[in-house]
Amino acid sequence: MAFDPGRAGQLFGRGFFPQDADLSPTGFIANEPEGLWDALTWAQSYGLPIYITENGVEDDGDQLRPRYLATHLRQVWRAVNFNWPVKGYFHWSLVDNFEWERGWTQRFGLWALDVDTQARRKRRSADLYEAVCKANALSSEMVATYAPEVWEALFPGSPGG
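Using the numbering used here, the first residue of the sequence shown is number 4, and each one after it goes up by one.
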């Protein structure tokens, strides 16, 4: 991210993503779990509890979110296995919300929201997050069910891959 005085509509920011980045529908967010790893590496150096908040991706069709969730939780798992003081992970967000400068144009929720009726509809990624929370783990079976396209990357050399 870089400051750009000519981009007031984007909060004066200009994002830079790798050429082959797995981008959200609007191109606002990239699925780059290594960035979370880098942030965790930096945070653990302070020796204080780590709480991951507002980690999520806008994805109205729920095509990117399951793999985004799985690949980012894999980075959290790595940190926990190094005994880093990760105390919580809070996905952004439970329900579609009004984003400050973008209104209702981005859909971050595990649950879809019909703005006019306030009706909510559970997305498939909500089922993945529910399974992770119940098991307190991300299993190969969960990834195979909800994000099979990243199964081999997350569980290399596993039988059945």
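C-beta: ideal position from N, C-alpha, C; glycine also.
For residue i, which of the options has the nearest alpha-carbon?
i: V83; options: T148, W154, L141, Y132; result: L141
i: F85; options: P28, S161, Q47, M145; result: Q47
i: Q121; options: T108, D130, A156, D99; result: D99
i: G59; options: D7, Y49, L72; result: L72
i: A24; options: R81, L67, A147; result: L67
i: F111; options: E104, S96, G38; result: S96
In chain order, what residues of the same chain have a beta carbon less than 6 angstroms from the beta carbon of residue i, not counting five sequence neighbours either side?
i: Y54; result: K90, G91
i: P88; result: P52, I53
i: G64; result: none
Can the beta-carbon of residue i be found less than 7 angstroms from the beta-carbon of residue j?
i: S128; j: P69; result: yes
i: A33; j: R17; result: no
i: R123; j: L116; result: yes
Three-state secondary structure (DSSP) at residue i?
i: T120; result: coil
i: V98; result: strand
i: E57; result: strand
i: W114; result: strand
Residue i to residue j, Cα distance in whole Å?
i: H94; j: E152; result: 21 angstroms
i: E61; j: E133; result: 19 angstroms
i: A42; j: V118; result: 34 angstroms
i: A150; j: T44; result: 26 angstroms
i: M145; j: L26; result: 23 angstroms
i: P28; j: L131; result: 20 angstroms
Below 8 angstroms CB to CB, which residues in the same chain sit around residue i once its five sequence neighbours on both sides are set aside?
i: L76; result: Y92, V135, L141
If I measure Cβ to Cβ from residue i and keep anything under 7 angstroms in the same chain, skipping five residues before and after, which residues do I get?
i: V79; result: I55, V89, Y92
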